[in-house]
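Undergrad:
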Amino acid sequence: MSSRRSRSGPTLNFKAVLLGEGCVGKTSLVLRYMEDKFNPQHLSTLQASFVTKKVTLPDERRAQLNIWDTAGQERFHALGPIYYRGSDGALLVYDITDHDSFQKVKSWVRELKQMRGTEISLIIVGNKTDLEEQRAISYADAFHYAQTVGALYLEASAKENEGVAEIFELLTHLMLERLSQRERETEPASPLRLQALDADDAVSVSDGEQSDGTGTGQRSCCGI
Amino acid sequence: MSTAARPPALRLGQQDLKCRASCGYYGTPQNDGLCSKCFRDRNDKQRKMLKAGDMQPILSGSHSHSHASVSSGGTSDRRSPQHFQVRETPKKQVDKEPDTSTLQKKKFTAVLQKTLQAGAQRIAQQRGYVPDPTESQFVKQLQKLRIPDDGKRKLKSEIQRLDSEIRKYMNSNSSKNIDELSDAVQNTYTKVADIVHNDPRFEIATNEDRESAIDFFEKVVMTQNHKFLFSPYFTTDEESDMKVQKRIRQLSWITSKHLDCSIDEVNAEARDLVYSAISELVGIDSYYSPQEKLQCTVRCCRHIFELLKRATGGPASADDFLPALIFVVLKANPVRLHSNINFVTRFTNASRVMSGEGGYYFTNLCSAIAFIENLNGESLGISKEEFDALMSGQQPFSSPWESALMACESLHLISENMKQMERLQKKNGDISSAIAAFEKELIEFQLEVTERVDTVMAKAPLTLLPIKTPAFLISQARAQLLHEGEAGHYQANVLSGGHSLTVHSGMVKASIPAEESGLALKDTSISSIGRLSPLPNLQQPDNLFASPIFNYAAFDAVSLLEEPSSGGSTDVLMLGAELQGGLTNINYDFDLSDQSGENSTAEEAKLNLEEFDPLAQSSATAAAVEPETSLLDTTMDSLIDSDVPGSCVSLPSPLKPEVANYRGFSNFEIPSISCNTGDFSSLGHDAGPSEGHK
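Those protein sequences? They're chains Z and D, same order as listed.
If you count by the numbering used here, then the first sequence holds residues 47 to 270, one letter each, in order.
If you count by the numbering used here, then the second sequence holds residues 70 to 763, one letter each, in order.
(1) Could you tell me which residues DSSP pairs with TRP114 (chain Z) in its beta bridges?
(2) Report the partner residues of LEU198 (chain Z) according to the DSSP bridge assignment.
(3) Between the alpha carbons of ALA583 (chain D) and ALA546 (chain D), how many angstroms are there, rounded?
(4) Assuming the contact rule is C-beta atoms closer than 8 Å, LYS174 (chain Z) and THR143 (chain Z) should be a hit. Round their C-beta distance to whole Å, please.
(5) Which full runs of the alpha helix (DSSP H) of 4+ residues lie inside the region 214-246 of chain D, going along the chain?
(6) Taking ASP146 (chain Z) as the reference, give the member of Z:TYR130, Z:ILE128, Z:GLY135 and Z:GLU120 with the closest Cα.
(7) Based on Cα-Cα distance, which residue from D:ARG111, D:ALA346 and D:ASP329 lies nearest to GLY68 (chain Z)?
(8) Using three-state DSSP, classify ALA90 (chain D) as helix, strand or coil.
(9) Give me the chain Z residues within the contact set of ALA387 (chain D), using Cβ-Cβ distance strictly less than 7 Å, ordered along the chain.
(10) Please return the same chain residues whose Cβ sits closer than 7 Å to the Cβ of VAL367 (chain D), not counting the five positions on each side in sequence.
(11) How many Å lie between PHE122 (chain Z) and ARG230 (chain D) at the Cα?
(12) In three-state terms, what does DSSP make of SER452 (chain D)?
(13) Can you tell me the Cβ-Cβ gap for ALA385 (chain D) and SER95 (chain Z), rounded? I've got them flagged as a contact below 8 Å.
(14) When the Cα atoms are used, what is the spatial distance from ALA529 (chain D) to THR519 (chain D)?
(15) With a CB to CB cut of under 7 Å and the five nearest residues on each side skipped, what residues in its chain are close to SER309 (chain D)?
(16) Would ILE441 (chain D) and LEU399 (chain D) be called neighbours here (beta carbons separated by less than 8 Å)?
(17) What in chain Z is Cβ-close to PHE303 (chain D), meaning under 9 Å?
(18) Enumerate, from N- to C-terminal direction, the unbroken alpha helix (DSSP H) stretches of 4 or more residues contained entirely within the region 323-403 of chain D.
(19) Helix or strand or just coil, what does DSSP make of THR57 (chain Z)?
(20) If you follow the alpha helix (DSSP H) that ALA136 (chain Z) is in, where does it begin and where does it stop?
(21) Does the beta-carbon of ALA2 (chain Z) have 16 or more other beta-carbons within 10 angstroms, so that it is buried, or is it exposed?
(22) Interface residues of chain D around ILE213 (chain Z) at Cβ under 7 Å?
(23) List the residues of chain D whose Cβ lies closer than 9 Å to the Cβ of ILE166 (chain Z), in chain order.
(24) With a threshold of 8 Å between beta carbons, is LEU391 (chain D) in contact with chain Z?
(25) Pick helix, strand or coil for ARG78 (chain Z), following the three-state DSSP scheme.
(26) Quick one: is THR73 (chain Z) buried, meaning 16 or more other Cβ sit within 10 Å of its Cβ, or exposed?
(27) Would you call GLU201 (chain Z) buried or exposed, if buried means 16 or more other Cβ atoms sit within 10 Å of its Cβ?
(28) Where does GLU208 (chain Z) fall in DSSP's three states?
(29) When we look at the beta-carbon of GLY498 (chain D) and count the other beta-carbons within 10 Å, is it buried (16 or more) or exposed?
(30) With a cut-off of 8 Å, does the C-beta of ARG191 (chain D) fall near any C-beta of chain Z?
(31) Flag this pair as yes or no: are the beta carbons of ALA188 (chain Z) and GLY172 (chain Z) separated by less than 8 Å?
(32) What does the alpha-carbon distance come out to for the pair ASP263 (chain D) and THR116 (chain Z)?
(33) Which of the three DSSP states, helix, strand or coil, is assigned to ARG230 (chain Z)?
(34) Assign ASP108 (chain Z) to one of three DSSP states: helix, strand, or coil.
(35) When the Cα atoms are used, what is the spatial distance from SER331 (chain D) to GLN360 (chain D)?
(36) Which residues in the same chain have their Cβ closer than 6 Å to the Cβ of ASP523 (chain D), if we skip the five residues on either side of it in sequence?
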């Protein structure tokens, strides 16, 4: 479905969902990202649940990034699949001071893996680094977990505006990678494509189950 | 409804979410819990086997299949049997197979299929609200598209192709599967998008124009085939609609508090926004194309965001939005919810619901519906027992505080309305009193005008010198009139007039003899009085004389002036005696010379009089010759007798001035008409009263 869409026009359309428990700062992250890049006047401040952002890709292509916020309340958890159907990426946000929110992320990851397999780029975001002293999940734990599931791990503070833009930039990059990878898949369909991909690209993307236990997906996390 | 009894529409467990073929994708309840691909594969396989006549194994297979899929479901909601299932399978089996299995349909004999089809056609006819969108409108839109003409032609042919494809599919007798159709349509969309973006015929078009071309394609095809594709008879859309509608009705007790959303139900402003959101949501059903339905959804959601922004003071997040949307859906209970949702999901360009604002809101709407269908006590923060009681209606939901607030708000609204009504009433009173005042003013004005006219008339009496018309001329005119008036109308009038003529003749006769101008003036003054206080006796003659000749009473004024001149000498006294009551109060002596300065008609009259002086003199001589014949009071016979050959051409001029003059006084009619009819004026008596009558 995604590949069909991307071929349909020169403007690429990426869809990313924001998942995470309530009060972990999903909306704050989005607002921070949009406001820093845009004049606040241009931001439709009516709502922060659906934002789009036009980005120019390194290869001069224009892409539109659609970020879909989801309701984080437990009672709406079951509705998740409706949202991440057809999405290219997911930001899994948790609160580093809240252990439960991290558990929630884990359940999201499991679900996403089942639903979308390798089709979706995952980034786990530990928010609220400004509350370092109350931290409940250590960076190492989260990082390790992300590695095992083939996701990337970033930490950010929407309040202090630390690492917010990086999240979305990385996400765009990941989705683009996956797209070109898919496009390559459609042509040669060779089992070797993953290696070729790794050799070619500066930022490689771990590929779902295959990255489990292997080193493919780790590089991207290190610098951040 | 407990968690265990949840319908499979939204499978909450991890296992339920997956495609049962364990391909890694997730399935949908419409597809028997399979993902679309596996479902198609399975259907293909089954179709092949069906063709081979090997029906039984598949069916049993499918049964076990559905058993597995429904193990977690099978609620009373899903149990509602579909009409064809009822006919086909025993009730028990239906319970076990709540899912819309296309396999079921495959079991139908051709006959049953036909009856179903007929039924569907009937339904479609009943629905028949879909007017055939005017082709010309689309043609116009097509012309407006800023793409090359070649591209337009290509686009048009593609539209026709897909159109006929859909119709062909719908009219075919083979078993139908909405997903096949949906796939076909989606593939065509992809193809068209491909053509539009890569075909050389579209080369010069901008990206926006290409997008609008694709949009146009979708819109035309969907609008034209709405009646086939919307809630087709071979799907369970309609049943789902009924189900969700019933469920929402059962959930009517839910308040914003249950959903934990920040909608203030007692705030009038918030309520207005909720209402506008609701009306947009309900309006989705009234559009044909998926795009328009999506736009409607977007508008609805924007209202909700506006609402939330006011309530929370900042941009609303999805955490606030979804509960609010659920609340709105619950309160709106839109018709054919599932049909609309499915129509959009199946037949809009897939990218549309996957990205963009419309897609996001639509997705939210889908989740809201899914939530509504699956919600239980837990998700509303109340106990299962309470939830069940509320659902069954055993326990009416009421929180004293909420009710009090609502009552308070209603009272507030009532008082507001009453204030408004009071204001309106006051306004109304003002208006009616102003009307009364105005009426009074008008009456006063009328009185004043009358009074002033009377005083002026009294102050400036008009003295008219009698104008003598040669008797032979008058008789000529009469003859002429009679001649012309041979037509039924005239005759009848004259005849009818004849009666009263004789009655009044005496009186008229009496009035005529007054040879002096004084007599004439008396008559005019009568007329002016008659206007205010009509003298019934005098009116009749006017009518008589007026109508036969001209059908126009105004001209009788002339005749009045004539009469004295023609009538010559008779007793003035008789007239005086008869009319005394009405006349005594007023000075009837009008003097032309006096008036000349004051009003134009007087001047005119004066001029005319001067002009026709010689005639007047001649008429004076003639008057002596035949006074009786000239008078109308001599009855019809006399008129005929008096027929004297001669040209009536010479007549108009002497009479013209008099007419103008006279009318100026009596009731200000347009003097210009007089000249045409001047000849006949001699026939009329008592012009004054006639005018008064008018």
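All C-beta atoms, glycine included, are put in the ideal place defined by N, C-alpha and C.
TA: In this structure, then:
(1) Here residue 114 (chain Z) is taken as the residue at index 68 of the first sequence, counted from 1. Z:VAL63 and Z:PHE96, per the DSSP bridge assignment.
(2) Along the first sequence, read from residue 1 onward, the residue named residue 198 (chain Z) stands at position 152. For LEU198 (chain Z), which the question treats as bridged, DSSP gives the partners Z:ILE169.
(3) Here residue 583 (chain D) is taken as the residue at index 514 of the second sequence, counted from 1. Here residue 546 (chain D) is taken as the residue at index 477 of the second sequence, counted from 1. Below a pLDDT of 50, predicted positions are generally treated as unreliable, and ALA583 (chain D), at 42, falls in that range; no measurement from the model is reported.
(4) Here residue 174 (chain Z) corresponds to residue number 128 of the first sequence, with the count starting at 1. Here residue 143 (chain Z) corresponds to residue number 97 of the first sequence, with the count starting at 1. With 8 Å as the limit, LYS174 (chain Z) and THR143 (chain Z) qualify as a contact, their Cβ atoms being about 6 Å apart.
(5) 218-240
(6) Taking the first residue of the first sequence as 1, we reach residue 146 (chain Z) at position 100. Answer by Cα proximity: Z:GLU120.
(7) Taking the first sequence and counting its residues from 1, the one referred to as residue 68 (chain Z) is at position 22. Of D:ARG111, D:ALA346 and D:ASP329, the residue nearest in Cα terms is D:ASP329.
(8) As a working mapping, residue 90 (chain D) is identified with position 21 in the second sequence. ALA90 (chain D): coil per DSSP, three-state reduction.
(9) On the second sequence, position 318 is the one that residue 387 (chain D) refers to. By Cβ distance, chain Z contributes SER95, ASP115, THR116 and ALA117.
(10) The sequence position of residue 367 (chain D) within the second sequence is 298, counting from 1. GLU426, GLY427 and TYR430, listed in sequence order.
(11) For the purposes of this step, residue 122 (chain Z) is identified with residue 76 of the first sequence, where counting begins at 1. For the purposes of this step, residue 230 (chain D) is identified with residue 161 of the second sequence, where counting begins at 1. If you take the alpha carbons of PHE122 (chain Z) and ARG230 (chain D), they lie about 43 Å apart.
(12) Taking the second sequence and counting its residues from 1, one reaches residue 452 (chain D) at position 383. Residue state, collapsed to three classes: coil.
(13) Position 316 of the second sequence, counting from 1, holds the residue named residue 385 (chain D). Position 49 of the first sequence, counting from 1, holds the residue named residue 95 (chain Z). Yes, ALA385 (chain D) and SER95 (chain Z) are in contact; Cβ-Cβ is about 7 Å, under 8 Å.
(14) The residue given as residue 529 (chain D) occupies position 460 in the second sequence. The residue given as residue 519 (chain D) occupies position 450 in the second sequence. The straight-line gap from Cα to Cα measures roughly 15 Å.
(15) Walking along the second sequence from the start, residue 309 (chain D) turns up at place 240. These residues qualify, in order along the chain: HIS407.
(16) Residue mapping note: residue 441 (chain D) aligns to position 372 of the second sequence, counting from 1. Residue mapping note: residue 399 (chain D) aligns to position 330 of the second sequence, counting from 1. Closer than 8 Å, so yes.
(17) In the second sequence, residue 303 (chain D) corresponds to position 234, counting from 1. Per Cβ cutoff of 9 Å: no residues; PHE303 (chain D) is ~25 Å from chain Z at best.
(18) 325-328, 337-352, 359-381 and 387-401
(19) In the first sequence, residue 57 (chain Z) corresponds to position 11, counting from 1. Coil, per DSSP.
(20) Locating residue 136 (chain Z) in the first sequence gives position 90, where the first residue counts as 1. First-last for ALA136 (chain Z): 135-141, but that is the beta strand (DSSP E), not the alpha helix (DSSP H).
(21) For chain Z, the structure presents residues 47 to 270; residue 2 (chain Z) sits outside this window and is missing.
(22) As a working mapping, residue 213 (chain Z) is identified with position 167 in the first sequence. Going along chain D, no residue has its Cβ under 7 Å from ILE213 (chain Z), so there is no contact; the nearest lies around 17 Å.
(23) To locate residue 166 (chain Z), count along the first sequence from 1; it is residue 120. Near ILE166 (chain Z) there are no residues of chain D at all, since even the closest Cβ is about 12 Å away, more than 9 Å.
(24) By one-based count along the second sequence, residue 391 (chain D) stands at place 322. Chain Z contact via Cβ: present.
(25) For the purposes of this step, residue 78 (chain Z) is identified with residue 32 of the first sequence, where counting begins at 1. Helix.
(26) Counted from its first residue, the first sequence places residue 73 (chain Z) at position 27. Counting Cβ neighbours within 10 Å, THR73 (chain Z) comes out buried, since at least 16 surround it.
(27) Looking up residue 201 (chain Z) in the first sequence gives position 155. That one is buried.
(28) Numbered from 1 along the first sequence, position 162 holds the residue referred to as residue 208 (chain Z). Three-state result, GLU208 (chain Z): strand.
(29) Position 429 of the second sequence, counting from 1, holds the residue named residue 498 (chain D). Under this definition GLY498 (chain D) is an exposed residue.
(30) The residue given as residue 191 (chain D) occupies position 122 in the second sequence. Caution is warranted here: a pLDDT of 49 is assigned to ARG191 (chain D), below 50, making its placement in the model unreliable, and the coordinate value is therefore given only provisionally. No, ARG191 (chain D) lies away from the interface with chain Z (no Cβ there is under 8 Å from its Cβ).
(31) Translated into positions along the first sequence, residue 188 (chain Z) becomes position 142. Translated into positions along the first sequence, residue 172 (chain Z) becomes position 126. Cβ atoms of ALA188 (chain Z) and GLY172 (chain Z): closer than 8 Å.
(32) Locating residue 263 (chain D) in the second sequence gives position 194, where the first residue counts as 1. Locating residue 116 (chain Z) in the first sequence gives position 70, where the first residue counts as 1. Each residue's Cα considered, the two are about 32 Å apart.
(33) Sequence index remark: in the first sequence, residue 230 (chain Z) carries index 184 (1-based). Three-state DSSP puts ARG230 (chain Z) in a helix.
(34) Residue numbering aside, residue 108 (chain Z) sits at position 62 when the first sequence is read from its first letter. Sequence check: residue 108 (chain Z) is Arg here, not Asp. ARG108 (chain Z) falls in the strand class under three-state DSSP.
(35) The residue labelled residue 331 (chain D) in the question sits at position 262 within the second sequence. The residue labelled residue 360 (chain D) in the question sits at position 291 within the second sequence. Approximately 30 Å between the Cα atoms of the pair.
(36) Within the second sequence, the letter at position 454 stands for residue 523 (chain D). Cβ within range, chain order: n/a, list empty.
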